[in-house]
């Protein structure tokens, strides 16, 4: 992104542009100043939710895939067009689609996210991980390619957190919960909040 505003000013979310791609960042997400968004005109968007923590040097690929299903992976038509011809070769580069990062996600330093990946709410991507597949909500992944290390919480707690969606609450309500949000969750605590904030 070109000269994004400082993270500390992102209280309402922001939209930007990276080449042909729209970048949409949720409120209170920080660390995006060093985010590298790589695209080659494919136009796929990047969506990052609210209250995310983005480490230094995170890279998101929105395209740029070479064609491994062709005889050659060389991008004829994009380089050395004068010398070799092939400017009319279409279908290269390719993309696997948009990248969607949920809410309350921590992307560690130097992580790489490939096109087409969806990272669920509350997930953690370890430093220097290379994410090539979707990441489940409230899971921790690491490595190259990124693999599941563990889930942050038992399934019943994850289900409650996904129902609560605390990041959607107004700032005034979040202010009331800040200290309790900064403690391990219990079923009773989450049930109380769900009853209070998510009445049908």
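In the UniProt record's numbering, the protein residues as written are 1 to 200.
Positions of the beta carbon are idealized from the N, C-alpha and C atoms, including for glycine.
Buried or exposed by the 16-neighbour rule on C-beta atoms within 10 Å, applied to residue i
i, result
"residue 155", "exposed"
"residue 172", "exposed"
"residue 187", "exposed"
"residue 1", "Here residue 1 scores only 49 on pLDDT, less than 50, and its place in the model should not be relied on; the value that follows carries that caveat. By the neighbour-count rule (16 or more Cβ atoms within 10 Å), residue 1 is buried."
"residue 103", "buried"
"residue 217", "No answer is possible for residue 217: it lies beyond the span of the chain, which begins at 1 and ends at 200."
"residue 54", "buried"
"residue 122", "buried"
"residue 10", "buried"
"residue 12", "exposed"
"residue 112", "buried"
"residue 149", "exposed"
Beta bridge counterpart(s) of residue i as assigned by DSSP
i, result
"residue 175", "According to DSSP, which records beta bridges pairwise, residue 175 is partnered with nothing at all."
"residue 113", "60 and 131"
"residue 151", "139"
"residue 39", "Residue 39 is not bridged to any residue."
Residue i, DSSP secondary structure in three states
i, result
"residue 104", "coil"
"residue 188", "helix"
"residue 30", "strand"
"residue 1", "At residue 1 the pLDDT is 49, less than 50, meaning the model places this residue with poor confidence; the figure from the coordinates comes in the next sentence. Reduced to three states, the DSSP call for residue 1 is coil."
"residue 16", "strand"
"residue 90", "coil"
"residue 46", "strand"
"residue 84", "helix"
"residue 196", "helix"
Euclidean distance between Cα positions of residue i and residue j
i, j, result
"residue 49", "residue 106", "11 Å"
"residue 17", "residue 28", "19 Å"
"residue 99", "residue 118", "6 Å"
"residue 151", "residue 43", "33 Å"
"residue 31", "residue 73", "34 Å"
"residue 80", "residue 185", "57 Å"
"residue 191", "residue 160", "7 Å"
"residue 93", "residue 177", "46 Å"
"residue 95", "residue 65", "6 Å"
"residue 196", "residue 180", "15 Å"
Range covered by the alpha helix (DSSP H) that runs through residue i
i, result
"residue 69", "Residue 69 -> no alpha helix (DSSP H), and no H or E assigned at all."
"residue 158", "155-164"
Start and end residues, beta strand (DSSP E) containing residue i
i, result
"residue 24", "21-25"
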